[in-house]
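full-length UniProt numbering applies: residue 1 is where the sequence shown begins, and numbers increase by one.
Backbone N, C-alpha and C fix where the C-beta goes; we use that ideal spot for every residue, glycine too.
Each remark here refers to the structure printed beneath this line.
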Amino acid sequence: MYNQQQAAIANRPERKPRQALTVKVDNSDNERPGNEHIRELLRTFGLRTSLIRLKVIDALHMADRSGRSIGVRGVHSQLEQLDVPLSFLSVREVLKRLCVEGVISMGNDKCYSLNPEARSILEQSCPR
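Structure, rendered in structure tokens:
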């Protein structure tokens with residue numbers, strides 16, 4: 001069976017590692033310091049920062065820290081519990097895009113988990 005996500009991953013160009021960006025953050029503005037580790041992850045993978053990406057990656061990171069992977073429904077229900085008004089379809093599309101970009105991977109059980117590179121970026125800059 002043809003798997004569109006795996007075909008996209010196989011055909012994407014090799015990403016050159018970037019040097020870590022030094023970002024000076026002025027937290028007195030609208031910037032939220034708790035998300036900086038996720039923002040750094042998105043910058044490393046060349047992705048724009050959006051609220052939905054921040055929330056989805058945070059949910060996956062929390063699951064990863066507890067040693068589990070979660071599916072679309074798990075991510076969506078976790079966001080609903082936090083009163084984040086995102087549709088199921090939006091969450092699914094963000095997960096697909098993060099998969100294609102190599103930030104996360106989908107297992108045979110249709111659950112998502114952070115890739116080792118993404119995990120190490122979050123662990124290096126993540127406040128515990």
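Can you grab the Cα-Cα spacing for the pair ALA59 / ARG65, in whole Å?
Here residue 59 refers to the residue found at position 59 of the sequence shown. Here residue 65 refers to the residue found at position 65 of the sequence shown. In a straight line, the C-alpha of ALA59 is about 10 Å away from that of ARG65.
Taking C-alpha atoms, which residue in PRO85, LEU82, GLY74, SER120 lies nearest to residue 130?
This structure gives no information on residue 130, because the portion of the chain shown stretches from 1 to 128.
Would VAL39 and LEU51 qualify as a contact pair, given that the criterion is a beta-carbon distance under 9 Å?
Walking along the sequence shown from the start, residue 39 turns up at place 39. Walking along the sequence shown from the start, residue 51 turns up at place 51. Residue identity check: residue 39 is Arg in the sequence provided, not Val. No, the pair does not count as a contact, with Cβ atoms beyond the cut-off.
Helix, strand or coil: how does DSSP classify LEU54 here?
Mapped onto the sequence shown, residue 54 falls at position 54. Correct three-state label for LEU54: helix.
May I have the straight-line CA-CA distance separating MET106 from GLU123, to the nearest angstrom?
By one-based count along the sequence shown, residue 106 stands at place 106. By one-based count along the sequence shown, residue 123 stands at place 123. If I take the Cα positions, the gap works out to 20 Å.
Taking buried to mean at least 16 other C-beta atoms within 10 Å of its own C-beta, is LEU98 buried or exposed?
For the purposes of this step, residue 98 is identified with residue 98 of the sequence shown, where counting begins at 1. With 16 or more Cβ atoms within 10 Å of its Cβ, LEU98 is classed as buried.
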